[in-house]
Amino acid sequence: MIRQSLFGLMLWIFATPVFAGIPVEREMTCPVGGEVFKVVETLSCTSFGRTMSFRGVSSCEFVTRLPVCPGNGLPLYVDFSEDELEKLEVFMKTDAYQAIQAVPPWQRAYRVAAELDHTGSNRGFFLLLQALWYESDTFLKDAAGLDALETEAEGEVARAGARQKAYAAAIVSYALFAADRPEKAQVWFERAVELVDALGEDHEADRTYLKAYLARVSTCRSDMSVESCRPNAGFEPE
Numbered sequence: 703m704i705r706q707s708l709f710g711l712m713l714w715i716f717a718t719p720v721f722a723g724i725p726v727e728r729e730m731t732c733p734v735g736g737e738v739f740k741v742v743e744t745l746s747c748t749s750f751g752r753t754m755s756f757r758g759v760s761s762c763e764f765v766t767r768l769p770v771c772p773g774n775g776l777p778l779y780v781d782f783s784e785d786e787l788e789k790l791e792v793f794m795k796t797d798a799y800q801a802i803q804a805v806p807p808w809q810r811a812y813r814v815a816a817e818l819d820h821t822g823s824n825r826g827f828f829l830l831l832q833a834l835w836y837e838s839d840t841f842l843k844d845a846a847g848l849d850a851l852e853t854e855a856e857g858e859v860a861r862a863g864a865r866q867k868a869y870a871a872a873i874v875s876y877a878l879f880a881a882d883r884p885e886k887a888q889v890w891f892e893r894a895v896e897l898v899d900a901l902g903e904d905h906e907a908d909r910t911y912l913k914a915y916l917a918r919v920s921t922c923r924s925d926m927s928v929e930s931c932r933p934n935a936g937f938e939p940e
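As C-alpha cells, this is what we get:
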C-alpha cells in the first residue's frame with residue numbers, strides 16, 4: 703500500500719542503506735470480491751541513484767509496488783475505507799470501470815482515485831509520478847494523463863515546502879520535454895531553476911544535486927530521443 707509522501711521519496715536520494723534486497727511473499731485479500739493473491743515484499747533494500755525520469759533504482763526492483771486484484775483489476779493503492787469500498791463496488795459494475803481495465807495499473811489507479819476524490823492532493827501527484835516512472839512508454843503518450851500531471855504538480859507546488867517544490871518542478875519539466883511538450887516544459891524548467899536558486903544553505907546538497915539534474919535536462923531537451931536522455935537512462939551528477 704502507498705504511504706510514502708513526496709518528501710519521503712526525495713529524502714531517499716541521499717539514503718545509503720547497506721543491504722541487498724531479500725524477497726518475501728505475502729498473501730493479500732482483495733477487499734472487493736475476496737480473492738486471495740500473493741505479493742512480493744522485501745526485508746531490506748539498497749538504493750543506487752536515479753534515472754532521468756527521477757525513478758529510484760535499487761536492489762529490490764522485484765517488489766510488488768502496486769498490488770492489483772487479479773480477477774477484477776482493482777489497484778490497491780491505499781487501504782480503502784468502508785465508505786470507499788461501497789463506492790468502488792458500484793463503480794466497478796459500470797462500463798466506465800470496464801473501459802479502464804486496459805489502462806496500465808498506475809494510470810488505472812489514478813482513474814480510480816478520481817472516482818474516490820483522492821486526486822488534487824499529494825496522493826494524486828504521487829500516483830502520476832509512479833505512472834511516469836514505471837509506465838513511461840504509455841504515460842508520456844497520454845495527453846489527459848500529462849494534463850493531469852501538470853494540474854497535480856501545480857497543487858503540489860502550492861502546498862509543499864521549498865525543497866519539495868523544487869523537486870516537483872524539475873521532474874515535471876523533464877516529463878514534459880520527454881512527452882514533446884517543449885513550450886510547457888520550458889515554463890516548468892524556468893520555475894524549477896528559480897525554486898532551486900531560492901533554496902537556503904540548509905538545502906545545499908539538494909541545490910547541488912538539482913542543478914546537476916537540470917543541467918542534464920537542459921542538454922537533453924533539444925533531442926530527448928538520445929539514449930542517455932530517455933526516462934530509464936541513469937542519472938549521476940558530474
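Each residue of the sequence shown is one higher than the last, beginning at 703 in the working numbering.
Beta carbons are placed, not taken as given, at the ideal position from N, Cα and C, and that holds for glycine.
Given the structure is predicted, the values throughout are model-derived calculations rather than measurements.
Boundaries of the alpha helix (DSSP H) in which residue i is found, first to last residue
{"i": "valine 738", "result": "Not the alpha helix (DSSP H): valine 738 falls in the beta strand (DSSP E), residues 738-744."}
{"i": "phenylalanine 793", "result": "784-793"}
{"i": "glycine 857", "result": "845-861"}
{"i": "aspartate 839", "result": "838-841"}
{"i": "valine 814", "result": "807-817"}
Distance, residue j Cα to residue i Cα
{"i": "phenylalanine 828", "j": "tryptophan 835", "result": "10 Å"}
{"i": "glycine 857", "j": "glutamate 892", "result": "18 Å"}
{"i": "methionine 724", "j": "valine 742", "result": "According to the sequence shown, residue 724 is isoleucine rather than methionine. One C-alpha to the other measures close to 10 Å."}
{"i": "glycine 751", "j": "leucine 912", "result": "13 Å"}
{"i": "alanine 887", "j": "leucine 848", "result": "11 Å"}
{"i": "valine 889", "j": "cysteine 922", "result": "16 Å"}
As assigned by DSSP and simplified to three states, the class of residue i
{"i": "serine 823", "result": "coil"}
{"i": "serine 875", "result": "helix"}
{"i": "phenylalanine 756", "result": "coil"}
{"i": "threonine 731", "result": "strand"}
{"i": "phenylalanine 828", "result": "helix"}
{"i": "valine 919", "result": "helix"}
{"i": "valine 770", "result": "strand"}
{"i": "proline 939", "result": "coil"}
{"i": "proline 884", "result": "helix"}
{"i": "isoleucine 715", "result": "Per-residue confidence for isoleucine 715 stands at a pLDDT of 42, beneath the threshold of 50, marking its modelled position as unreliable; the derived number appears in the next sentence. Reduced to three states, the DSSP call for isoleucine 715 is helix."}
Range covered by the beta strand (DSSP E) that runs through residue i
{"i": "threonine 753", "result": "749-753"}
Beta-carbon proximity of residue i to residue j, cut-off 8 Å
{"i": "glutamine 800", "j": "phenylalanine 841", "result": "no"}
{"i": "alanine 935", "j": "threonine 821", "result": "no"}
{"i": "valine 770", "j": "proline 806", "result": "no"}
{"i": "tyrosine 812", "j": "alanine 833", "result": "yes"}
{"i": "valine 919", "j": "serine 875", "result": "yes"}
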